[in-house]
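Under the working numbering, the residues of the sequence shown are numbered 486 to 1007, in order.
Below is one structure, written out as structure tokens; comments come after it.
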Amino acid sequence: MNKLLKNLTDRWAKLSKTQKSAVAVMGISLILASIFFYSWMIKINYSPLVSNMQVESAGKIAEKLKEMNVPYKLADEGKTIMVPEEKVYDLRLQLASDGVFTSEGMGFELFDNSPLGTTDFERQLNKQRALQEELRRTIIQLDAVDQARVHLVIPEKSVFIDEQGQSTASIFLKLKPMKSLEPAQIKGIVELVARSVENLDPKNVSVIDTKGQVLSDGINSESAGLSALQLKQQELKKAFEKDLEKRIQNLLERMFGAGKVLTMISADLDFNQREVTSVDWGENVIRSEQLLENDGASSSGNAGLVGENNRLTDTELGDSYPGLDGSGASSSNSSESIKNYEIDKIEEKIKYSPGEIKNLSIAVTVDGRLSQGNRAEIEEIVAAAAGFNPERGDKISVLSMEFDNSLLEENKKEMEKLAAEAQKQENINTIISWVIKGLGALAVLIFVILFMRSRKSKPKKQQVAITQPTPIAQVEEEISKEQQDQKIIANKSMQQQKKAQKIVQENTKEAVQVINTWLSED
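Written out as structure tokens, the structure is:
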């Protein structure tokens, strides 16, 4: 080890200032590259452990994490706790088993450690609190619900049945972004709470959202009891309106730009299934005709009218019976016509399918100001796109006014801010990556340069070793001239040694190079 250190020290001493600077730069570059690479490798990715927690609950979880020596970060004004991504699920299980990881409140676990001196009032109050929390935990399982709070009012039991009050409930819901609840889901929440609380009628359950809107309004009314067919008809009506709105919206946005037009359509659809039969009677046509005629004559002599014995004379009959003269002759003539007619009849049966459009009401609002001519053109375009029919009583209304885009601008700025932060972080990561790559390339380049210089420096050392021994050669030449006298030679030798020592002391580097050259030649 000492030999290695000595060798390194000797090599460092042989380097010039430029070479030493290059080695120092290369070393610093390697150290920085190693630090960046190590920090990048051990970077911790944090993931939410809990979110939207009350400050008290979040504080308990943070204290527990400190006891467990788990690193964490706070976000969303302290309502969200971030922990290393790979530990999220393990920590949730462990905190839940320790009773720390609770959903803002305690359910029926309130009764796990009930003290002996608890009064009836406290037990009833704890039961109500536990029931509220259990209902809250159940309601937030819905996909559209982010958070919920349940408030129950349960009156005390009375000994008189007539004086027994009814329970009431209020439910506050915070929905997830871009989510909404269907009427059937709201009714399900109402039924869930009503069936979970004693003496609670569904009519006494109110559901509101963060905007203060009463979502349960009309859910329990008589008109709300729609059949499956009626619900399907409402869905078809909404789908038809949305599809027509989208088509007109896309058409107008091509003309005015995105966000510059609003379209609303109300359609009245006829879901009755009808069958109409109509008969149209035409002109009469003779199908067949039959004509019968009968002509006849007879002569009976003196035949009487009554009989042979009681025959009346012509004088007695008088003139009221003509033709009854004494000759007894008579004649007859008859005709009969029968016609059969074919009646022209057109019978038409029309079956109307459900979903026929009764009428349409279309409202279009454009951002900005429109002239009367532009408004008329828009009405014409919308009428053609929607299948406008004035005979049905369809209506179109086109208005122009300035839109309030303040909320849109705020959302846009927020999105731009988030995008800028993401781009900034991406740029930092890119710069770090390129710095690491650049330092690595610089280190390789410096190493190559030093290697090439070390190869070029060897002939120079040999050249220096050949040219530098000149003073010693002169000393040897002077010594050779004094070889005649042994004593003089000895004296001269001592002088030469002293002179050589003096030269070595004055020229230490050159002397070292000469010695190294001699050693390398040997």
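Backbone N, C-alpha and C define an ideal beta-carbon position, used for all residues, glycine too.
The structure presented is a predicted model; accordingly, all values stated were derived computationally and were not measured.
By DSSP's criteria, alanine 560 is part of a beta bridge. Which residues make up the other side?
Alanine 560 is bridged to Thr565.
According to DSSP, simplified to helix, strand and coil, what is serine 918?
Serine 918 falls in the helix class under three-state DSSP.
Excluding the 5 residues preceding and the 5 following arginine 860 in the sequence, name in chain order all residues of the same chain whose CB lies nearer than 6 Å to its CB.
Cβ neighbours of arginine 860 beyond the five flanking positions: Val883.
Going along the chain, which residues of its own chain have a beta-carbon closer than 7 Å to the beta-carbon of glutamate 793, five neighbours each way excluded?
Annotation note: pLDDT 48 at glutamate 793 (below 50); position unreliable, coordinate value reported separately. For glutamate 793, where only same-chain residues beyond five positions count, there are no Cβ hits under 7 Å.
With 16 as the cutoff for other CB atoms within 10 Å, does aspartate 879 come out buried or exposed?
With 16 or more Cβ atoms within 10 Å of its Cβ, aspartate 879 is classed as buried.
To the nearest angstrom, how far is the alpha carbon of tryptophan 497 from that of leucine 559?
Each residue's Cα considered, the two are about 52 Å apart.
If the criterion is Cβ atoms closer than 8 Å, does the pair valine 682 and serine 652 meet it?
Yes.
Assign threonine 748 to one of three DSSP states: helix, strand, or coil.
Three-state result, threonine 748: strand.
Express the C-alpha separation of glutamine 910 and alanine 669 in angstroms, rounding to a whole number.
Rounded to the nearest angstrom, the two C-alpha atoms are 45 Å apart.
Which residue from Asn684, Gly544 and Met511 puts its Cα closest to that of glutamine 930?
One point to set straight first is that residue 930 is leucine, not glutamine, in the sequence displayed. Leucine 930 has its Cα closest to that of Met511, out of Asn684, Gly544 and Met511.
Provide the residue span of the beta strand (DSSP E) that contains phenylalanine 657, from first to last.
Where phenylalanine 657 is concerned, the enclosing beta strand (DSSP E) stretches over 652–660.
Roughly how far, in whole angstroms, is the beta-carbon of alanine 629 from the beta-carbon of arginine 621, given that I think they are within contact range, below 8 Å?
That pair is no contact at about 15 Å.
Going by CA-CA distance only, name the one from Val508, Leu578, Lys499 and Asn912 that's closest to alanine 928.
Comparing Cα positions, the closest option is Val508.
Give the straight-line distance between the Cα atoms of methionine 567 and glutamate 899, rounded to the nearest whole angstrom.
Between methionine 567 and glutamate 899, the C-alpha separation is close to 22 Å.
Just how far apart, CA to CA, sit lysine 722 and isoleucine 704?
Looking at the two C-alpha atoms, the distance is approximately 19 Å.
With lysine 843 and arginine 877 assumed to form a contact (beta carbons below 8 Å), what rounded beta-carbon distance in angstroms separates them?
Confirmed, Cβ separation roughly 7 Å.
Three or more beta-carbon pairs under 8 Å between the region 821–828 and the region 753–771, yes or no?
As far as the Cβ criterion goes, the region 821–828 touches the region 753–771, which means the pair count is three or higher.
How many whole angstroms separate the CB atoms of alanine 870 and leucine 754, which I take to be in contact at a CB cut-off of 8 Å?
About 18 Å separates the two Cβ atoms, so there is no contact after all.
Do you know offhand how far glutamine 775's Cα is from aspartate 765's?
In a straight line, the C-alpha of glutamine 775 is about 29 Å away from that of aspartate 765.
Using the Cα positions of asparagine 492 and serine 514, report the straight-line distance between them to the nearest angstrom.
If you take the alpha carbons of asparagine 492 and serine 514, they lie about 24 Å apart.
Look at the alpha carbon of serine 885 and the alpha carbon of glutamate 738, and state the distance between them as a whole number of angstroms.
Each residue's Cα considered, the two are about 14 Å apart.
Per DSSP, what kind of secondary structure is lysine 880 in: helix, strand or coil?
Lysine 880 falls in the strand class under three-state DSSP.
How many Å lie between leucine 660 and leucine 627 at the Cα?
Spanning the two alpha carbons is a distance of roughly 10 Å.
Name the one or two DSSP bridge partners that leucine 576 has.
Looking at the DSSP assignment, leucine 576 forms no beta bridge with any residue, so it has no partner.
Less than 8 Å between C-beta atoms, sequence neighbours within five positions excluded: which residues of the same chain meet that for serine 838?
Same-chain partners within the cutoff: Gln758.
Valine 933: buried (16+ other C-beta within 10 angstroms of its C-beta) or exposed?
So valine 933 ends up on the exposed side.
Provide the residue span of the alpha helix (DSSP H) that contains valine 535, from first to last.
From DSSP, valine 535 is part of no alpha helix (DSSP H) but of the beta strand (DSSP E) over 531–535.
Under a CB-based cut-off of 8 Å, is asparagine 779 close to chain C?
Absence of chain C from the displayed structure is noted, only one protein chain being present.
Starting from serine 846, follow its DSSP beta bridges and name the residues at the other end.
Its beta-bridge partners are Ser751 and Lys880.
Going by DSSP, name the residue or residues bridged to asparagine 825.
Bridge partners of asparagine 825: Ser773.
Enumerate in chain order the residues of its own chain whose CB-to-CB distance from glycine 650 is below 6 Å, with the five nearest sequence positions on each side excluded.
If we look at glycine 650 and ignore the five residues flanking it on each side, its Cβ neighbours are Pro640.
To the nearest whole angstrom, what separates the beta carbons of methionine 749 and alanine 848, a pair I think is in contact under 8 Å?
That belief holds up - the Cβ atoms of methionine 749 and alanine 848 are roughly 5 Å apart, short of 8 Å.
Strictly by DSSP, which residues pair up with valine 699?
Paired residues: Ile693.
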